[in-house]
Structures are given as C-alpha cells and as structure tokens.
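Residue numbers (my numbering): -14 to 114. C-beta atoms are modelled at their ideal positions from N, C-alpha and C, and glycine is treated no differently. Since the structure is predicted, the reported quantities are computational estimates derived from the model, not experimental observations.
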Ligand SMILES: [Zn+2]
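Rendered as structure tokens:
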C-alpha cells in the first residue's frame, strides 16, 4: 500500500506525484521551519513542474483544514477517551498537537492537494535521466 506507484506513497513521503523518484521538497525534514514550505520548481527526474499555476498551493489550505481537524480529533480521542483527562486538558492537548504537528500537517496537505491534480506515471518513473 505504501509502495511507489500509489498516491499514498507520494502523499506520505512528499515524493514527486508523477514519478515518485525524488522528494518535491528542498529539505526532506519538515521541522527545519524555514524550509517547511520550500518546494523545488521541477522534478529533476521527470521534469514535472510542481506549481501548475501561480499560487497553486493556496488551494492546499482547504485540505489543511480537513487534515488539521483529523489531527485535532485524534488528539481529543486519545486524551479525553483513552487517557481520561478533563475537557480542559484535552483542549490543551489539541492545541499542542496542532502546533507540534503543524509542519507535517502543512506538508501532508500540499502532498494531498498536488496528488489530486497529478497521477503516477509509470513511463516517467522508469525513464532514465
Ligand atoms: Zn518526478
């Protein structure tokens, strides 16, 4: 399921959505905050241009809303239902989760967003550069 060729692979790793051969990001580590949102212009393997249009990635904000809610909900379930904390503590847990996972949420959202518009292409992936 997480193998190259599935959209999930690109979403979870930030790999080029067309060839899955390399990361879209300049820095693979999302926690180097000044690099969190730095995306290369093109894939050096298949030459895919990542920004389909100027400010293409603004649309990923809609996705990040959903992804953020998913993380917040998970934090709530874990703290309130499993750890049996008070509502106040659960709320703090949600806020902390959103801060701590912020860079990951932002990247996941971009990866999901671009994978809506681009699909894996086997011939590009196997092409020698
Ligand atoms: Zn590529």
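Q | For residue -12 and residue 35, the rounded distance between their alpha carbons | A | Numbered from its first residue, the chain shown carries residue 35 at position 50. Numbered from its first residue, the chain shown carries residue -12 at position 3. Each residue's Cα considered, the two are about 21 Å apart.
Q: Following the continuous alpha helix (DSSP H) through residue -11, name the residue where it begins and the one where it ends.
A: Along the chain shown, read from residue 1 onward, the residue named residue -11 stands at position 4. That residue, residue -11, is in no alpha helix (DSSP H); it is neither H nor E in DSSP.
Q: Compare the C-alpha of residue 41 against each of 107, 85, 109, 100 and name the closest.
A: For the purposes of this step, residue 41 is taken as residue 56 along the chain shown, with counting starting at 1. Minimum Cα distance to residue 41 is reached at 100.
Q. At what residues does the alpha helix (DSSP H) containing residue 40 begin and finish?
A. Translated into the one-based positions of the chain shown, residue 40 becomes position 55. Taken as a continuous stretch (DSSP letters only), residue 40 belongs to no alpha helix (DSSP H), as it is neither H nor E.
Q) Which residue's Cα is closest to the Cα of residue 44: 92, -10, 112, -6? A) The residue given as residue 44 occupies position 59 in the chain shown. When each option's Cα is compared against that of residue 44, the closest is 92.
**Q.** Closest residue to residue 107 among 51, 2, 24, 97 (Cα-Cα distance)
**A.** Looking up residue 107 in the chain shown gives position 122. It is 2 whose Cα lies nearest to the Cα of residue 107.
Q: Out of 97, 102, 94, 90, state which residue places its alpha-carbon closest to the alpha-carbon of residue 16.
A: In the chain shown, residue 16 corresponds to position 31, counting from 1. It is 90 whose Cα lies nearest to the Cα of residue 16.
(Q) Just checking residue 3 against ligand 1 - is the residue's beta carbon closer than 6 Å to any of the ligand's heavy atoms? (A) Here residue 3 is taken as the residue at index 18 of the chain shown, counted from 1. For ligand 1, at least one heavy atom lies less than 6 Å from the Cβ of residue 3.
Q.
Distance check for residue 95 and residue 75, CA to CA, integer angstroms please.
A. The residue given as residue 75 occupies position 90 in the chain shown. The residue given as residue 95 occupies position 110 in the chain shown. If I take the Cα positions, the gap works out to 28 Å.
Q: Indicate, with yes or no, if ligand 1 has a heavy atom lying under 6 Å from the CB of residue 33.
A: Here residue 33 refers to the residue found at position 48 of the chain shown. Residue 33: yes, Cβ under 6 Å from ligand 1.
Q) Closest to residue 23 by CA distance: which of 11, 32, 31, 55 is it? A) Taking the first residue of the chain shown as position 1, residue 23 is located at position 38. That would be 11, whose Cα lies nearest to the Cα of residue 23.
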